[in-house]
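Encoded structure:
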């Protein structure tokens with residue numbers, strides 16, 4: 001299998017009825033991640049992530065409890081990009097853009113899938129799980145950011 005064939009990229013965007021600032025505030029609060037990221041069980045990190053910050057914690061991935069780590073690579077007014085290792089290495093990017101009466105958040109995940117015979121089998125399960133995780137993550141992020149905007 002070629003290296004190119006192992007690269008896995010998915011992207012999902014959703015409109016939120018909250019301000020871009022509220023969305024970014026929620027995204028950058030590492031203590032809130034377990035509330036909207038279904039795999040994350042616990043985190044140890046700052047209330048407001050800045051570039052270079054490391055957040056560690058525990059997650060459940062494909063039925064296994066794993067230790068995870070995130071390094072904030074880019075943090076700006078509308079972008080949060082991180083290198084994440086939770087069983088597999090991923091590059092995760094959130095972009096928040098203003099829209100009339102709210103904002104649009106886009107989640108992009110990129111990962112190199114495992115290679116070899118066992119890796120290809122694991123990749124079948126992992127790709128499906130990452131797609132479901134992304135959908136749930138974005139939906140929960142939007143719902144909780146909207147609720148926080150009006151509380």
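Numbering (the numbering used here), first residue to last: 1 to 151. Built from N, CA and C at the ideal position, the CB exists for glycine as well.
Taking the C-beta atoms as reference points, residue 42 is found no nearer than 9 Å to residue 52. Note on geometry: alpha-carbon atoms of residue 127 and residue 119 lie some 12 Å from one another. Between the stretch 107 to 115 and the stretch 24 to 36, the count of C-beta pairs closer than 8 Å stays below three; the two stretches do not touch. A direct Cα-Cα distance of roughly 24 Å separates residue 60 from residue 105. Partner residues in the beta bridge of residue 106, as assigned by DSSP, are 13, 95.
Cβ-Cβ separation between residue 136 and residue 18: approximately 19 Å, too far for a contact (criterion under 8 Å). Between residue 23 and residue 89, the alpha-carbon positions lie close to 25 Å from each other. When secondary structure is reduced to three states using DSSP, residue 37 falls in the coil class, being assigned neither helix nor strand.
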